[in-house]
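2 protein chains.
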Amino acid sequence: MPRSPGHAAPRKRRTADEARAAILDAAERRLVASGPTAIRLQEVAAEVGVSHPTVLHHFGSREALVEAVVARALDSLHADLMRAVQSAPESEDRLESLLDAVFETLVTHGHGRTFLWLMLSGYAPKEDLRVRSLAEAVHAVRRVKPRKQKKAPPFEDTYYSVLLPALAMLSMSVAGDKVLDEGAPLGPRGFRRWLAKLLHEHYDKD
Amino acid sequence: MPRSPGHAAPRKRRTADEARAAILDAAERRLVASGPTAIRLQEVAAEVGVSHPTVLHHFGSREALVEAVVARALDSLHADLMRAVQSAPESEDRLESLLDAVFETLVTHGHGRTFLWLMLSGYAPKEDLRVRSLAEAVHAVRRVKPRKQKKAPPFEDTYYSVLLPALAMLSMSVAGDKVLDEGAPLGPRGFRRWLAKLLHEHYDKD
DNA sequence: CTCGTTACTGACAGTATTGTAGATAAGGCG
DNA sequence: CGCCTTATCTACAATACTGTCAGTAACGAG
Chain A
3 MPRSPGHAAP RKRRTADEAR AAILDAAERR LVASGPTAIR LQEVAAEVGV
53 SHPTVLHHFG SREALVEAVV ARALDSLHAD LMRAVQSAPE SEDRLESLLD
103 AVFETLVTHG HGRTFLWLML SGYAPKEDLR VRSLAEAVHA VRRVKPRKQK
153 KAPPFEDTYY SVLLPALAML SMSVAGDKVL DEGAPLGPRG FRRWLAKLLH
203 EHYDKD
Chain B
3 MPRSPGHAAP RKRRTADEAR AAILDAAERR LVASGPTAIR LQEVAAEVGV
53 SHPTVLHHFG SREALVEAVV ARALDSLHAD LMRAVQSAPE SEDRLESLLD
103 AVFETLVTHG HGRTFLWLML SGYAPKEDLR VRSLAEAVHA VRRVKPRKQK
153 KAPPFEDTYY SVLLPALAML SMSVAGDKVL DEGAPLGPRG FRRWLAKLLH
203 EHYDKD
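So the protein lines, in turn, are chains A and B. Each residue of the first sequence is one higher than the one before, starting from 3 at the first, in the numbering used here. Each residue of the second sequence is one higher than the one before, starting from 3 at the first, in the numbering used here.
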């Protein structure tokens, strides 16, 4: 689009919050795609359509920007995960839909990649990963459903059975395509169903 | 250590192979610790005790160095994994020792971290991850041991049962400490034993 | 011992990236 | 409408990193 020569493009002025949000969005895209070190002021600024000192104006320093992005990304992951596990229906094949929901968050939405990138880069969250609280919720369900003459399973067993699919999904977010293409005719869905069945067997029998 | 003023330190001359190996070692340490982008000519050179043009002399460019490191690291991972799975004894609790061996390679030796770094950074290996061939080996064992009146399990089942612990170990190499401390009184060993038991159950019953 | 190959070096160039400083103008508010 | 706050800009400084170049010296071969 041609501009009158000698005249700069009309300067657009966002509210501080809008600008910060737009910048965080751009920075997060780069974070997910290529890791924290790929967050460069000039490129982020260009993507938003501003000059890089504007970014510094809003965040103070590159490091502060990165930390803001990390904090927001971890919050987003946490919220998305919570929503996922809560949205799973109470019905029969609860287990599979739960795995599907976690898969959606970690793999499809790319939160798993981001999380691994942050862990590797030393941006580990200070708070726990809340796997324990999730396991506690599942454990409560297991206790009220003693279908046969089972003795109550130890909490440890439930914890591990929650941890296992979580770890698997996490790796899938990075290596899933590669590793599933290699020997799985049914795609990621097949693996999830198999895993759901495995855990179901275990719960039903132990 | 003081040097005569005006005299540089006596220059040491390695064979080209020795120099290359030393440089690759230093670069690989940085790769494992902080990813491919952390491989910087000056720092690698300093760690080896040479000047950075020497590194360029041996490898041509930074990218060529990185690729050499990546190739060597992937070879090393592959060899270590093969050695691990082959060294597992044929005895009864073969499954648990197998998991222990894979854990040793991926988590203790840090190969899991490196692998994830490389995948995230776009240095995915062109060859497969050889999970399939491993699964085929396991599948062969399952067929010759039809303890009861089972029908032969589909290969897919074996493949998934190999894939699952592999993915879990991979994630553990990055988030293991964090996530195990959170709710596992028995440490990583406990998880592995639980997992071995889970798979054993599955194999024995299906 | 001499000589040639080449591992190695210091100095420099070029580029990218973060951060600073001062000026400018957009938009709200009296 | 006029003013003040501040989001935004251009221009520049400072540093870090990769890569080039010409020269030096270590070691093996003859």
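By construction, the Cβ of each residue, glycine as well, lies at the ideal position given by its N, Cα and C atoms. Computed from a predicted model, the values in this text were never measured in an experiment.
| Asked | Found |
| --- | --- |
| Cut-off 6 Å between Cβ atoms - residues of its own chain near Leu76 (chain B), not counting five sequence neighbours on either side | Pro127 |
| Per-residue contacts from His204 (chain B) into chain A (C-beta, under 9 Å) | Leu200, Glu203, His204 |
| Cβ pair Lys119 (chain A), Asp159 (chain B) closer than 9 Å | Contrary to the premise, residue 119 (chain A) reads as Trp rather than Lys in this sequence. No, they are not a contact pair. |
| Interface flag, Pro55 (chain B) vs chain A, CB-CB below 9 Å | no |
| Interface residues of chain A facing Thr39 (chain B) [CB-CB closer than 7 Å] | Thr39 |
| Beta strand (DSSP E) runs contained entirely in the stretch 90-137 of chain B, provided each spans 3 or more residues | none |
| Sequence-distant residues of its chain with Cβ nearer than 8 Å to Phe105 (chain A) (five each side left out) | Met171, Met174, Pro190, Arg194 |
| Distance CB(Leu200 (chain A))-CB(Leu97 (chain B)) smaller than 9 Å | no |
| Integer-rounded CB distance, given that Pro167 (chain A) should sit under 8 Å from Leu83 (chain A) | Their Cβ separation, rounded to whole angstroms, is 13 Å, which puts Leu83 (chain A) and Pro167 (chain A) out of contact at 8 Å. |
| Status (buried if at least 16 other CB within 10 Å, exposed otherwise) for Ala103 (chain A) | buried |
| Ala186 (chain A) burial status per 10 Å Cβ neighbour count (16 or more: buried) | buried |
| Neighbour-count burial assignment, Leu188 (chain B), 16 or more Cβ in a 10 Å radius | exposed |
| Spatial distance of Asp179 (chain B) from Met121 (chain A) (CA atoms) | 11 Å |
| Closer than 9 Å to chain B by CB, Phe193 (chain A) | yes |
| Exposure label - Ala28 (chain B); buried when at least 16 CB within 10 Å | buried |
| Those runs of the alpha helix (DSSP H) which lie wholly inside the stretch 11-44 of chain A and span at least 4 residues | 18-36 |
| Three-state class that DSSP yields for Leu188 (chain A) in the structure shown | coil |
| Beta-carbon neighbours of Leu122 (chain B), restricted to chain A and to distances below 8 Å | Gly37, Arg115, Leu118, Trp119, Leu122, Val176 |
| Distance between Arg22 (chain B) and Arg2 (chain A) (C-alpha atoms, nearest Å) | There is simply no residue 2 (chain A) to check, as chain A begins at 3 and stops at 208 in what is shown. |
| Beta-carbon proximity check, Tyr205 (chain B) vs Pro156 (chain B), cutoff 9 Å | no |
| CB contact below 9 Å: Lys14 (chain B) versus chain A | no |
| Near-chain B residues of the stretch 82-111 of chain A (beta-carbon distance less than 9 Å), N- to C-terminal order | none |
| Cβ pair Ala70 (chain B), Leu26 (chain B) closer than 9 Å | yes |
| Span separating the alpha-carbon of Gly51 (chain B) from that of Arg115 (chain B) | 27 Å |
| is_contact[Arg134 (chain A), chain B] using C-beta, thresh 9 Å | yes |
| 9 Å Cβ cutoff, Gly185 (chain B) in contact with chain A | yes |
| Expected contact under 8 Å - CB spacing of Val133 (chain B) and Leu165 (chain B) to nearest Å | 6 Å |
| Neighbour flag for Glu158 (chain B) against chain A, beta carbons, 9 Å | yes |
| Cβ neighbours of Ala24 (chain B) in the same chain (closer than 8 Å, five flanking residues each side left out) | Arg16, Val50 |
| Beta carbon proximity, Leu76 (chain B) to chain A, threshold 9 Å | no |
| Cβ-Cβ separation, His59 (chain B) to Gln44 (chain B) (assumed contact under 8 Å), whole Å | Between His59 (chain B) and Gln44 (chain B) the Cβ distance is about 14 Å, and since that is not below 8 Å, they are no contact. |
| Assumed close pair Gly112 (chain B), Val34 (chain B) - CB separation to whole angstroms, cut-off 8 Å | 5 Å |
| For Val57 (chain B), the three-state DSSP class (helix, strand or coil) | helix |
| Selected residue, minimal CA-CA separation from Ala144 (chain B), among B:Leu131, B:Glu129, B:Ser163 | Residue 144 (chain B) is actually Arg in this sequence, not Ala. If we check each option's Cα against that of Arg144 (chain B), B:Ser163 comes out closest. |
| Nearest-angstrom Cα separation, counted from Ala18 (chain B) out to Ser63 (chain B) | 16 Å |
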